[in-house]
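*Asks:* Please find one structure pasted underneath; my questions will follow.
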C-alpha cells in the first residue's frame with residue numbers, strides 16, 4: 003500500500019495565504035456565509051458561490067443540450083437568475099439543491115422555447 007505523505011500537503015495557513023492572494027482582504031468563506039453575504043449584495047461572496055458551483059451547473063446543461071456554447075449561455079443565465087433571486091433562498095435545503103432546481107427551471111424553459119420555435 004502506498005502511503006500519503008502528509009508533510010508535503012499545504013497547511014491551512016498556506017491555503018489561507020493563497021486564498022488571500024486570490025481574493026485580497028478576505029479568505030474563502032464557508033458556503034453558508036457566502037450565501038448570506040450574497041443575499042446582502044456582497045459581490046465577492048457571490049463570485050465565490052459562482053466559482054464553487056459553476057462547473058457542476060455547466061456540466062448539467064451540457065448533458066441536457068449537448069452543445070458547449072448553449073451550455074455556457076445557460077450557465078450564465080442560471081447564475082443571473084440566482085443573482086436576482088438569491089434573497090428568496092430560505093435555507094430550508096442546501097444551497098446546492100436550490101441552485102440545481104433554479105438551473106433545471108432555466109434549462110426546461112430554454113428547451114420549451116426551443117421546441118416552440120422549431121415547430
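In this note's numbering, the protein residues as written are 3 to 121. All C-beta atoms, glycine included, are put in the ideal place defined by N, C-alpha and C.
Within 8 Å, do at least three Cβ pairs link the stretch 38-51 to the stretch 102-111?
*Replies:* no
*Asks:* In terms of residue numbering, what span does the alpha helix (DSSP H) encompassing residue 35 cover?
*Replies:* Your numbering for residue 35 matches position 33 in the chain shown. In this chain, the alpha helix (DSSP H) harbouring residue 35 covers 33-41.
*Asks:* Tell me whether the stretch 78-97 and the stretch 46-64 touch, counting them as touching only if at least three CB pairs, one residue from each stretch, are closer than 8 Å.
*Replies:* yes
*Asks:* Confirm, please, whether the CB-CB distance from residue 113 to residue 84 is below 9 Å.
*Replies:* Reading the chain shown from its first residue, position 82 is the one you call residue 84. Reading the chain shown from its first residue, position 111 is the one you call residue 113. Going by C-beta atoms, residue 84 is not nearer than 9 Å to residue 113.
*Asks:* Label residue 101 either buried or exposed according to how many other C-beta atoms from any shown protein chain fall within 10 Å of its C-beta, with 16 as the threshold for buried.
*Replies:* Counting from one through the chain shown, the residue named residue 101 turns up at place 99. It counts as buried.
*Asks:* How would you label residue 119, buried or exposed, when you count the other beta carbons within 10 angstroms and need 16 or more for buried?
*Replies:* Taking the chain shown and counting its residues from 1, one reaches residue 119 at position 117. Exposed, because fewer than 16 other Cβ atoms sit within 10 Å of the Cβ of residue 119.
*Asks:* Alpha carbon to alpha carbon, what distance is there between residue 90 and residue 39?
*Replies:* Counting from one through the chain shown, the residue named residue 39 turns up at place 37. Counting from one through the chain shown, the residue named residue 90 turns up at place 88. Spanning the two alpha carbons is a distance of roughly 14 Å.
*Asks:* Using DSSP with H/G/I as helix, E/B as strand and the rest coil, what is residue 98?
*Replies:* For this step, residue 98 is matched to residue 96 along the chain shown. It is helical.
*Asks:* Taking residue 44 as part of the alpha helix (DSSP H), name the residues at either end of that continuous run.
*Replies:* Looking up residue 44 in the chain shown gives position 42. Run containing residue 44: none; DSSP gives neither H nor E here.
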